[in-house]
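*Asks:* One structure, pasted below without further comment.
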Amino acid sequence: MAYLKRSPWLIHYDASSCNGCDIEVLACLTPVYDVERFGIINTGNPKHADIFLVTGSVNEENKEVIRNIYAQMPEPKVVVAVGICATSGGIFAECYNVSGGIDKVIPVDVYVPGCAARPESIIDGVVKALGILEEKHKKGVKK
Amino acid sequence: MFWLGFLIIFPLAAGLILLAVKNDLLRTPVVKLSAAVICAASIALLVKSYPSGPVYFPAEFPGADRIMFAVELAIAGYIVFCAIKFKRPLTLVLIGLQTLAMLLLEFTAKGKLHAEHNLFIDNFSVIMALIIGIVGTLICVYAIGYMRDFHEHFRKEVTDRRRSFFFINFVFLSAMFGIVFSNNLLWLYFFWEITTVCSFVLIGYKKNGESIRNSFLALDLNLLGGLAFAAGIIYLHFHSGTIELDKVLSMGKAGVLLPVALLCFAGMVKSAQLPFSPWLTGAMVAPTPVSALLHSSTMVKAGVYLILRFSLLLQGTFCGIMIAFVGGTTFLVASFIAMTASDAKKVLAYSTIANLGLIVLCAGVGTYEAVWAAILLIIFHALAKCLLFLCVGVVEHKIHSRDIEDMSGLVVSMPRMSVMMQIGIAGMFLAPFGMLISKWAVLRALVDYNPLLAIFVVFGGAATLFFWVKWMGKLITVMEPKTGQEETVSRSEWVPLYSLSFLTIAICGLFPAVSHGLIDPYIKVIYGKVVSMGQGNITIMLIMLGMVCLFPLSFINLGKKVKVADSYLGGANAGSSIRFQGALGQVKEAQMQNYYLGKHDAEVHLLKFGSFACAGLILIMFIILR
Amino acid sequence: MKNLPLILAYVFLAPFVGGLLAGIDRKISARMQSRIGPPLFQPFYDVLKLLEKENLVARRSQNLYIIFYLLFMVFTGGLFFAGGDILLVIFAFTLAAIFLVLGAYKASSPYSFIGAERELLQMMAYEPAVIFTAIGMYMVTKSFFVSDIAAFRTPLWQYLPGIFLSFVFILALKLRKSPFDLSSSHHAHQEIVRGITTEFSGKALAMIELTHWYETVLVMGIVYLFFTPGVLFAAAMTLFVYFFTILVDNTFARVKWQLAVNSCWIVTIVLGIANIIVLFLLKR
Chain A
1 MAYLKRSPWL IHYDASSCNG CDIEVLACLT PVYDVERFGI INTGNPKHAD
51 IFLVTGSVNE ENKEVIRNIY AQMPEPKVVV AVGICATSGG IFAECYNVSG
101 GIDKVIPVDV YVPGCAARPE SIIDGVVKAL GILEEKHKKG VKK
Chain B
1 MFWLGFLIIF PLAAGLILLA VKNDLLRTPV VKLSAAVICA ASIALLVKSY
51 PSGPVYFPAE FPGADRIMFA VELAIAGYIV FCAIKFKRPL TLVLIGLQTL
101 AMLLLEFTAK GKLHAEHNLF IDNFSVIMAL IIGIVGTLIC VYAIGYMRDF
151 HEHFRKEVTD RRRSFFFINF VFLSAMFGIV FSNNLLWLYF FWEITTVCSF
201 VLIGYKKNGE SIRNSFLALD LNLLGGLAFA AGIIYLHFHS GTIELDKVLS
251 MGKAGVLLPV ALLCFAGMVK SAQLPFSPWL TGAMVAPTPV SALLHSSTMV
301 KAGVYLILRF SLLLQGTFCG IMIAFVGGTT FLVASFIAMT ASDAKKVLAY
351 STIANLGLIV LCAGVGTYEA VWAAILLIIF HALAKCLLFL CVGVVEHKIH
401 SRDIEDMSGL VVSMPRMSVM MQIGIAGMFL APFGMLISKW AVLRALVDYN
451 PLLAIFVVFG GAATLFFWVK WMGKLITVME PKTGQEETVS RSEWVPLYSL
501 SFLTIAICGL FPAVSHGLID PYIKVIYGKV VSMGQGNITI MLIMLGMVCL
551 FPLSFINLGK KVKVADSYLG GANAGSSIRF QGALGQVKEA QMQNYYLGKH
601 DAEVHLLKFG SFACAGLILI MFIILR
Chain C
1 MKNLPLILAY VFLAPFVGGL LAGIDRKISA RMQSRIGPPL FQPFYDVLKL
51 LEKENLVARR SQNLYIIFYL LFMVFTGGLF FAGGDILLVI FAFTLAAIFL
101 VLGAYKASSP YSFIGAEREL LQMMAYEPAV IFTAIGMYMV TKSFFVSDIA
151 AFRTPLWQYL PGIFLSFVFI LALKLRKSPF DLSSSHHAHQ EIVRGITTEF
201 SGKALAMIEL THWYETVLVM GIVYLFFTPG VLFAAAMTLF VYFFTILVDN
251 TFARVKWQLA VNSCWIVTIV LGIANIIVLF LLKR
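Protein chains in written order, with this note's numbering: chain A, 1 to 143; chain B, 1 to 626; chain C, 1 to 284.
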């Protein structure tokens, strides 16, 4: 069924981002890019969300938080790591407190590199994630 | 006639026996047996008197008047003794005035104080008798287990005076039966004063400073009411030559309104309308059975019972409108104050005052629809409020707190108790339960009479919604897993709780029968008209009741196919739904407290406003009546 | 039963009508914000997607309350469209809403708790206005039954302008729109995460959404009652009122609960009660 594709709700979490990628994510909601055209709503609540959009890298403070939010999302769910910091740690990868990208904590489905990632790339990444979401749903239904 | 006498005398006898029984083990069966007998007797009364209309009995007892006079003097003496012992000059003044009034009546009207019929029975009396007989006796049974717990675990410092406690309780039941069966106003006054004294003794049970203060507050205010009662009787005797209820009612409005107003004043004091409400809220220091018996289900109902008797006379008069406004203002102000309270007994006290205000509102309006609504209110309120008080009593003993905020998670730690509390709360305001039916009836009655009075009901009703659901929600919110605390609740407490829960639900299904069989005939006799709620509406209410009763069944398949995750705490959960990572790496616990909307000063201001308003209304009423 | 076709139409068609109204709401809001906005049937896609999600809860029994919320809302709407007693409709509506509040309490999370408290405050705010609507309609048509009110010869708004205005004022509360969307909101913006709906997901959330649609149709039905008997005129006015609430939603920010409750009560007293006083005096 194509409904997951038509109504993807996302939760956006800023791990240790410099806010550059976050501003680009929020820009997607503005009239210029307007992702609500695709039915995307930015809910702030993991229990309502299908897509977990994370920016920034992982450090000791937010390891548990990322795990908690991921655990509180109902299946099927996908994770999109936005920005190079979320992908691999970016320019902060070798800092003493940074563990690296998001995939150190939770399984990531789509990586959107960039510093800051452009809204077009982010939308592209989300659309890719929707495809993966559909596949997960089909797999879940088959079980 | 036999049953009337039995119901008045038997509790008195049982009380005297209990006064002699020292042993707790022996006391239990005596109380249970007496309670069962009284309960059965009141049901027998219903069966015997149905379906005839009002019946009057001469009930001439030689020397009855002398005995009553002697007892009244003895009571006055006892009060004088207490007043001197605890240095209460106001009480001395009030009891002195009252005794003077009685002596005046007795000696200036020698021999002419003869009533044709001393006792009577009609459907309204039967309803009240059933409430006293069923609800009152259930409370006495509950008191066995409660008082045992009270003395052994909860308040070990209070001396065990359970003999006199149960004695007074049964005397009180006897007096209540006397009130609802009396046609002779002097007899009514006698029983009325007995209930005042019972209330005084029982409130002061703990004998600490707070209890004594509050017991005297109750005594003073009720003596004031009694004074008005006495003044009303004296006026009636000298101006109209009668002291009988049925004769007063058939006299028509002219000439009797002033004494009726005085009697209604006494009724308003007894049912704790503003500005007299402090005695009821202060009476909450008493043990819970006292609060349930006297101050929610029975004694305060005597006050509104009296006002309701006169509703035909009050209909359409200025006096009636003033009384209606007092009742309406009380309902509104008390509901608002209840929103600000977190002490469970205080919430229940103000809710009681509010509902009594609603009944007084209906009585003041006095149309047939309003009286119908008022009687329904009495029945439903007695059941639900009693259930709530009993539950709060048990909960207080187990969790050692009366605060609603401490009752969270009760659905896990005391599941049966929390369900019963939810039934009680639902019975107080939710469709399709009883109080909702009554509120609906009140609205319909008011809309036909004067829609502006509906303002009180509507706004007050909105406030009641708020504080009841708040409480209900707190019961089902689960924070920490708690251990079960229900095992130590005794059977003498469970039986009344189960019975009352069952009755609260059943009466909603049965109310068409009750209305048709008991209330409608009474209204027809007095007003000549009958209220119809529409068969369609009744069916729909019953369907709703059925659907709501399905709700507990849904828990059978409780959460089999769901996956439990922690609640959302901003992602900062520290392994549970309540603990989260706070600042500086500290693990903190989330706390959720209800809104109390101006907790600290709202009550004082609202009370001041309400008291002034109502005192003003009462003053105006008496001034105009002169 | 008199209006069986209408009842059945409500039970089966109201979700579609309600969802369409929700879709129109989002589209118009988007256009007002210079965006294109989601497709018109987006709310249906949302609900259907929610049905495909896992059932995740914070407490095991919280979803049971939602089932009864839906059940009683459908019952209330059915009662309304069957032409039943409007006071009973209002009380049944309160019963339904209480189930949602209790479900949020049951979820035992701080956000749903505050959402539940605020929802109760909202209910306290709008209940007087709604009951006065019923009382006003009774005073004009001499009947509490919706069927009689709907069949009344003259449009009711001519007799009840104050009550109509106070009802429109509290409409924002009932439809969960700004400036009174204190406890939960249809759109993304929220200060207490999602308020009462925070801990619900999957099928439960879909049921809540569905119930909101039934509720919208019921509330719009009450607005419709002010403009009968002309069907086209009444329908047009109802849609216009709905558009007006969307406009207000996009123009106002959310207010604090004190302002919400106080303003609703003041409007109810001033407009609604003045209306009733006038009617009362006219009858004498």
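C-beta: ideal position from N, C-alpha, C; glycine also.
It should be emphasised that the depicted structure is a prediction, and the values quoted were computed from it without experimental measurement.
Could you give the residue range of the alpha helix (DSSP H) that holds residue 291 of chain C?
*Replies:* Here chain C covers residues 1 to 284 and nothing more, so residue 291 of chain C does not appear.
*Asks:* Please classify residue 56 of chain C: does DSSP put it in a helix, a strand, or coil?
*Replies:* Translated into the one-based positions of the third sequence, residue 56 of chain C becomes position 56. DSSP places residue 56 of chain C in strand when its eight states are reduced to three.
*Asks:* Given a limit of 7 Å on CB to CB distance, which residues of the stretch 27 to 45 of chain A reach chain C?
*Replies:* Answer in chain order: 31, 34, 36, 37, 39, 41, 42, 43, 44 and 45.
*Asks:* Since residue 336 of chain B contacts residue 454 of chain B with CB under 8 Å, what's their CB separation in whole angstroms?
*Replies:* As a first step, residue 336 of chain B must be located in the second sequence, where it is residue number 336. As a first step, residue 454 of chain B must be located in the second sequence, where it is residue number 454. Not confirmed; about 17 Å, so no contact.
*Asks:* Evaluate the contact criterion for the stretch 71 to 90 of chain A versus the stretch 121 to 137 of chain A: three or more CB pairs, one atom per stretch, below 8 Å.
*Replies:* Output reads yes: the stretch 121 to 137 of chain A touches the stretch 71 to 90 of chain A.
*Asks:* Cutting at 7 Å between CB atoms, please list the residues of its own chain near residue 468 of chain B, excluding the five before and the five after it.
*Replies:* By 1-based counting over the second sequence, the position of residue 468 of chain B is 468. Closer than 7 Å at Cβ, skipping near neighbours: 425, 428 and 429.
*Asks:* Using three-state DSSP, classify residue 89 of chain A as helix, strand or coil.
*Replies:* Walking along the first sequence from the start, residue 89 of chain A turns up at place 89. It is coil, neither helix nor strand.
*Asks:* Using a beta-carbon distance below 8 Å, is residue 60 of chain C in contact with chain A?
*Replies:* The sequence position of residue 60 of chain C within the third sequence is 60, counting from 1. Chain A contact via Cβ: absent.
*Asks:* If you draw a straight line from the C-alpha of residue 253 of chain C to the C-alpha of residue 120 of chain C, how long is it?
*Replies:* Locating residue 253 of chain C in the third sequence gives position 253, where the first residue counts as 1. Locating residue 120 of chain C in the third sequence gives position 120, where the first residue counts as 1. Residue 253 of chain C and residue 120 of chain C: Cα-Cα distance of roughly 20 Å.
*Asks:* Using a Cβ cut-off of 9 Å, pull out every chain B residue sitting near residue 108 of chain C, in sequence order please.
*Replies:* Within the third sequence, the letter at position 108 stands for residue 108 of chain C. Correct list: 408, 409, 476, 477, 478, 479, 567, 577, 578 and 592.
*Asks:* Put residue 272 of chain B into one of helix, strand or coil per three-state DSSP.
*Replies:* Here residue 272 of chain B corresponds to residue number 272 of the second sequence, with the count starting at 1. Correct three-state label for residue 272 of chain B: coil.
*Asks:* Anything in chain C within Cβ reach of residue 48 of chain A, meaning under 7 Å, just list it in chain order.
*Replies:* As a working mapping, residue 48 of chain A is identified with position 48 in the first sequence. Ordered by position in chain C, the residues that pass the 7 Å Cβ test against residue 48 of chain A are 194, 201 and 205.
*Asks:* Within 8 Å, do at least three Cβ pairs link the stretch 54 to 62 of chain C to the stretch 200 to 211 of chain C?
*Replies:* Touching, yes, given that three or more Cβ pairs across the two stretches are closer than 8 Å.
*Asks:* Give the DSSP-derived three-state secondary structure of residue 84 of chain A in the structure shown.
*Replies:* For the purposes of this step, residue 84 of chain A is taken as the residue at position 84 of the first sequence. Helix.
*Asks:* What residues from chain A crowd round residue 581 of chain B, counting only those whose CB sits closer than 9 Å?
*Replies:* Residue mapping note: residue 581 of chain B aligns to position 581 of the second sequence, counting from 1. Near residue 581 of chain B (Cβ distances below 9 Å), the residues of chain A are 61, 64 and 65.
*Asks:* Given a cut-off of 8 Å, decide if residue 171 of chain B and residue 75 of chain B are closer than it, judged by their beta-carbon atoms.
*Replies:* Here the question's residue 75 of chain B lines up with position 75 in the second sequence. Here the question's residue 171 of chain B lines up with position 171 in the second sequence. No. Outside cutoff.
*Asks:* Sort B:624, B:611, B:625 and B:623 by Cα distance to residue 268 of chain B and report the nearest one.
*Replies:* Start at 1 with the first residue of the second sequence, and residue 268 of chain B comes out as number 268. Nearest option by C-alpha distance: B:611.
*Asks:* For the stretch 232 to 256 of chain C, which residues have a beta carbon sitting closer than 9 Å to at least one beta carbon of chain A?
*Replies:* The residues in question: there are none.
*Asks:* Can you name the residues of chain C whose CB is closer than 7 Å to the CB of residue 137 of chain A?
*Replies:* Position 137 of the first sequence, counted from the start, is the residue given in the question as residue 137 of chain A. Here the neighbours are 52.
*Asks:* When you check each C-beta in the stretch 30 to 47 of chain C against every C-beta of chain A, which residues fall closer than 8 Å?
*Replies:* Hits within the stretch, in order: 30, 33, 34, 35, 36, 37, 38, 39, 42, 45 and 46.
*Asks:* Note down, in chain order, every chain B residue with its Cβ under 7 Å from the Cβ of residue 23 of chain A.
*Replies:* Stepping through the first sequence from its first residue, residue 23 of chain A is reached at position 23. Within chain B, no residue comes near residue 23 of chain A; the closest Cβ sits about 21 Å away, beyond 7 Å.
*Asks:* According to a CB-to-CB cut-off of less than 9 Å, which residues of the stretch 537 to 552 of chain B neighbour chain C?
*Replies:* From the stretch 537 to 552 of chain B, only 537, 540, 541, 543, 544, 547, 548, 550 and 551 have a Cβ closer than 9 Å to chain C.
*Asks:* May I ask you to report which of helix, strand or coil DSSP gives residue 159 of chain B?
*Replies:* The residue given as residue 159 of chain B occupies position 159 in the second sequence. Reduced to three states, the DSSP call for residue 159 of chain B is coil.
*Asks:* Spell out a yes or no on whether the stretch 208 to 218 of chain C and the stretch 14 to 21 of chain C are touching, meaning 3 or more CB-CB pairs, one atom from each, closer than 8 Å.
*Replies:* At 8 Å Cβ cutoff, the stretches touch.
*Asks:* Could you name each continuous alpha helix (DSSP H) segment of 4 residues or more that falls completely within the stretch 209 to 289 of chain B, going from the start of the chain to the end?
*Replies:* Within the stretch 209 to 289 of chain B, the complete alpha helix (DSSP H) runs of at least 4 residues are 209 to 240, 245 to 249, 257 to 270 and 278 to 282.
*Asks:* Closer than 8 Å, CB to CB, is residue 292 of chain C near chain B or not?
*Replies:* As shown, chain C starts at 1 and ends at 284. That puts residue 292 of chain C outside it, with no answer to give.
*Asks:* Along chain C, which residues have their Cβ under 8 Å away from the Cβ of residue 4 of chain A?
*Replies:* Residue 4 of chain A sits at position 4 when you count from the first residue of the first sequence. The answer, in chain order, is 49 and 52.
*Asks:* List the residues of chain C that residue 94 of chain A touches, going by C-beta distances under 8 Å, in chain order.
*Replies:* In the first sequence, the residue the question calls residue 94 of chain A occupies position 94. Those within 8 Å of residue 94 of chain A in chain C number zero; the least Cβ separation is about 35 Å.
*Asks:* In terms of residue numbering, what span does the alpha helix (DSSP H) encompassing residue 100 of chain A cover?
*Replies:* Mapped onto the first sequence, residue 100 of chain A falls at position 100. Careful: residue 100 of chain A lies outside any alpha helix (DSSP H), inside the beta strand (DSSP E) at 98 to 100.
*Asks:* Please list the terminal residues of the continuous alpha helix (DSSP H) segment that includes residue 103 of chain A.
*Replies:* Against the first sequence, residue 103 of chain A aligns to sequence position 103. Unbroken run through residue 103 of chain A: none, as it is neither H nor E.
*Asks:* If contact means a Cβ-Cβ distance below 8 Å, which residues of the stretch 443 to 457 of chain B contact chain C?
*Replies:* Correct list: 443, 444, 447, 450, 451, 452, 454 and 455.
*Asks:* I need the DSSP call for residue 249 of chain C, collapsed to helix, strand or coil.
*Replies:* Here residue 249 of chain C refers to the residue found at position 249 when the third sequence is read from its first residue. Helix, per DSSP.
*Asks:* State buried or exposed for residue 70 of chain B, treating a residue as buried only when at least 16 other CB atoms are found within 10 Å of its CB.
*Replies:* Reading the second sequence from its first residue, position 70 is the one you call residue 70 of chain B. Flag for residue 70 of chain B reads exposed.
*Asks:* Beta carbon of residue 403 of chain B, beta carbon of residue 334 of chain B: below 8 Å?
*Replies:* Working through the second sequence from its first residue, we reach residue 403 of chain B at position 403. Working through the second sequence from its first residue, we reach residue 334 of chain B at position 334. Cβ atoms of residue 403 of chain B and residue 334 of chain B: not closer than 8 Å.
*Asks:* Any Cβ of chain A within less than 8 Å of the Cβ of residue 198 of chain C?
*Replies:* Here residue 198 of chain C is taken as the residue at index 198 of the third sequence, counted from 1. Answer yes: the Cβ-Cβ gap between residue 198 of chain C and chain A drops below 8 Å somewhere.
*Asks:* For chain B, check one thing: does any of its Cβ atoms lie closer than 8 Å to the Cβ of residue 102 of chain A?
*Replies:* Against the first sequence, residue 102 of chain A aligns to sequence position 102. Chain B, which has no Cβ nearer than 8 Å to the Cβ of residue 102 of chain A, makes this no.
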